[in-house]
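Presented below is the structure to which this report refers.
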Amino acid sequence: MDKQMFVRILNSEMELATGCTEPGAVALTAAEAGAALRKAGGTRVEAVTVRASINIIKNAMSAGIPGTSYQGMDYAAAIGAVGGDPVHLLEVMNYVPREQMEEAAALVKAGKVKVEVAQVPQKLYVEVVVTADGHTGRAVVRDLHTNVVLVEQDGVATLDKQHADPAAAGDSDVVTPEQIAEFLTVRSI
Numbered sequence: 001m002d003k004q005m006f007v008r009i010l011n012s013e014m015e016l017a018t019g020c021t022e023p024g025a026v027a028l029t030a031a032e033a034g035a036a037l038r039k040a041g042g043t044r045v046e047a048v049t050v051r052a053s054i055n056i057i058k059n060a061m062s063a064g065i066p067g068t069s070y071q072g073m074d075y076a077a078a079i080g081a082v083g084g085d086p087v088h089l090l091e092v093m094n095y096v097p098r099e100q101m102e103e104a105a106a107l108v109k110a111g112k113v114k115v116e117v118a119q120v121p122q123k124l125y126v127e128v129v130v131t132a133d134g135h136t137g138r139a140v141v142r143d144l145h146t147n148v149v150l151v152e153q154d155g156v157a158t159l160d161k162q163h164a165d166p167a168a169a170g171d172s173d174v175v176t177p178e179q180i181a182e183f184l185t186v187r188s189i
């Protein structure tokens, strides 16, 4: 029995998060897009569009955001876009000041945050586009909750790993879903 593989699977699948991992992934993606927007020259977020796989939507749509009275991926996206720093990964919402939380909530209440289903093959896919002052920031997380594969400022990619294999990204503990399916059987467990 390969105990090391069990440990690798656990390490690959577990990530520190504020609340549910799906709203955390949405907030992280929005934080990346918001940071790109600010670098492009946008100041105050005017609109946020989230496109996500149906699995993300199902798991994030009514999840509560710890420390707030808000719930759902629209609030997670707005909070990440307005005040999130992507360095905090899935805990990004922990570090957003109260004033920016309120600014994010105002965006949602004004109907400036839209959530759409992305027609993609990935079960875990989040794309966020943030606009302000004629500028845009865009980010995509795919396959793993913290796997940022694309960041754009005004349509110009500043990070593009869309064609990279998440298991080849340098993290030796990443175990692909195919490896997990092959290794985990009732007998091995």
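Numbering of the sequence shown is given in the working numbering, commencing with residue 1 and proceeding in unit increments.
Glycine included, C-beta positions come from ideal geometry on N, C-alpha and C.
Check                                                                                                                                                              : Outcome
Count the CB pairs spanning the stretch 102 to 121 and the stretch 38 to 53 that are closer than 8 Å, and state whether there are at least three.                  : yes
Quick one: give me the first and last residue of the alpha helix (DSSP H) that residue 7 is part of.                                                               : 3 to 13
Residue 185 lies in the beta strand (DSSP E); which residues open and close that run?                                                                              : Segment: none, residue 185 is in no beta strand (DSSP E) and carries neither H nor E.
Cα-Cα, which of 7, 137 and 18 is closest to residue 90?                                                                                                            : 18
Does the stretch 154 to 161 come close enough to the stretch 69 to 87 to have 3 or more Cβ pairs within less than 8 Å?                                             : no
Figure out for me which residue from 140, 124, 44 and 175 has the closest Cα to the Cα of residue 60.                                                              : 124
Taking 8 Å as the threshold, find out whether the stretch 7 to 22 comes into contact with the stretch 84 to 98 through three or more Cβ pairs.                     : yes
Taking just the CA atoms, how far does residue 187 sit from residue 113?                                                                                           : 47 Å
Given a cut-off of 7 Å on the beta-carbon distance, is the pair residue 27 and residue 76 in contact?                                                              : yes
Going by DSSP, name the residue or residues bridged to residue 114.                                                                                                : 49
Determine whether the beta carbon atoms of residue 79 and residue 104 lie at a separation below 7 Å.                                                               : yes
Leaving out five residues on either side along the sequence, give the residues of the same chain with a beta carbon under 8 Å from the beta carbon of residue 170. : Note on residue 170: pLDDT 47, under 50, position unreliable in the model; the coordinate value appears next. Closer than 8 Å at the Cβ level, and outside the excluded window around residue 170, lies no residue.
Is residue 170 helix, strand or coil by DSSP?                                                                                                                      : Residue placement at residue 170 cannot be trusted, given a pLDDT of 47 that sits under 50; what the coordinates show is reported in the next sentence. Here residue 170 sits in coil by DSSP.
I'd like the list of long-range same chain contacts for residue 47, defined as Cβ closer than 7 Å, with 5 residues on each side in sequence excluded.              : 112 and 131
Taking the C-alpha atoms as reference points, what is the distance between residue 128 and residue 178?                                                            : 27 Å
Which one of 31, 153 and 138 has the shortest CA to CA distance from residue 100?                                                                                  : 31
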